[in-house]
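Peer 1: In this note's numbering, the protein residues as written are 427 to 747. The C-beta atom is built at its ideal place from N, Cα and C for all residues, glycine as well. On a predicted model such as this, the values are computed, not experimentally measured, just so you know. If you scroll down you'll find the structure; I have some questions about it.
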């Protein structure tokens, strides 16, 4: 079971850390900054990846591989690769070997609570353009909020020229927009100007009222719905299969027809553009406006269960601690 494997990987990681490392990496589950996060540059609470030995690193990779799909792991590692390219650093750290690297110093590991017990606990990996949050409650694993960004989105010069990051999030968005009939596009296009970032930013609790409605899934035809579904899966599919399947089940239970797609900004790549997908609990945002529209921010959130909120409420109401 993934939850048990996640628990064991976290336990093994903690056992492999030195006392000083463990003190940096751990905090109580109810620590006051439990829901504080950011995708901007800067320090975070926790242990930097640069402080890990090669043996300790393997447990971080295990945690990522248990929480994320293969694509999700690749996306997380690609964020670090983009940091290397952005700063023209040697190509180290993106697939391991973080210790002693500049990139490793920009990403922080933290474990909240005790993975050895039965109470809720969490682990997270945070840094510039990366926020992997995993919360474990009563045998369930929650994957949101999940943020992935990249600067550059496309490498335009040097030895990596032509490499793209988060390409499908961009391409499928444009494909869906262009698949709309003129009357449909008029509904979906909520502004000629894209916002300068995702609207929910890194707020601990996402506010759906910030988003425009756009066009509903129920107002699309078969091919358009297929594109919309594929776009949603770029976000849901970052999670490992059990979590992604549960997220899709929740979406279908709530009714796909209630999902909406809103677009702002340019209808062609190369200029600032933005889209959002919103439903009763699902929320995804994508923004590419900064650095000459070559700098992507993308996020998946659950309005009811970010940080495991719904599961924690049920846990505590049942007498859990």
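#1: Please state if the CB of residue 563 and the CB of residue 429 are separated by a distance shorter than 7 Å.
#2: Could you spell out where the beta strand (DSSP E) holding residue 568 opens and where it closes?
#3: Looking at the strands, I want to know which residues DSSP matches up with residue 728.
#4: Can you tell me whether residue 578 is buried or exposed? The criterion is at least 16 other CB atoms within 10 Å of its CB, across all chains shown.
#5: Less than 7 Å separating the beta-carbons of residue 683 and residue 643?
#6: Would you mind working out which of 505, 631, 720 and 448 sits nearest residue 478, comparing C-alpha positions?
#7: Starting from residue 543 and walking both ways along the beta strand (DSSP E), at which residues does that stretch end?
#8: Quick test of the definition: if touching needs 3 or more C-beta pairs under 8 Å, does the stretch 614-634 touch the stretch 688-695?
#9: When the distance is taken between beta carbons, is residue 550 closer than 7 Å to residue 566?
#10: Compute the distance between the beta-carbons of residue 723 and residue 553, then report whether it is under 7 Å.
#11: Using only the alpha-carbon positions, how far apart do residue 640 and residue 698 sit?
#12: Cutting at 6 Å between CB atoms, please list the residues of its own chain near residue 737, excluding the five before and the five after it.
Peer 2: The structure says:
#1: Position 3 of the chain shown holds residue 429. Position 137 of the chain shown holds residue 563. No; because the gap between Cβ atoms is not below 7 Å, this pair is not in contact.
#2: For this step, residue 568 is matched to residue 142 along the chain shown. 566-568 is the extent of the beta strand (DSSP E) around residue 568.
#3: Sequence index remark: in the chain shown, residue 728 carries index 302 (1-based). Secondary-structure assignment with DSSP links residue 728 through a beta bridge to 708.
#4: As a working mapping, residue 578 is identified with position 152 in the chain shown. Result: buried.
#5: Position 257 of the chain shown holds residue 683. Position 217 of the chain shown holds residue 643. Contact flag set, yes.
#6: Position 52 of the chain shown, counted from the first residue, corresponds to residue 478. Answer by Cα proximity: 448.
#7: Indexing the chain shown from 1 puts residue 543 at position 117. Segment: none, residue 543 is in no beta strand (DSSP E) and carries neither H nor E.
#8: Verdict: yes, contact present.
#9: As a first step, residue 566 must be located in the chain shown, where it is residue number 140. As a first step, residue 550 must be located in the chain shown, where it is residue number 124. Using a Cβ distance threshold of 7 Å, residue 566 and residue 550 do not count as a contacting pair.
#10: Within the chain shown, numbered from 1, the residue matching residue 723 stands at position 297. Within the chain shown, numbered from 1, the residue matching residue 553 stands at position 127. No, these two residues do not count as a Cβ contact at 7 Å.
#11: As a first step, residue 640 must be located in the chain shown, where it is residue number 214. As a first step, residue 698 must be located in the chain shown, where it is residue number 272. If you take the alpha carbons of residue 640 and residue 698, they lie about 18 Å apart.
#12: One-based indexing of the chain shown puts residue 737 at position 311. Excluding positions up to five away in sequence, the list reads 563 and 566.
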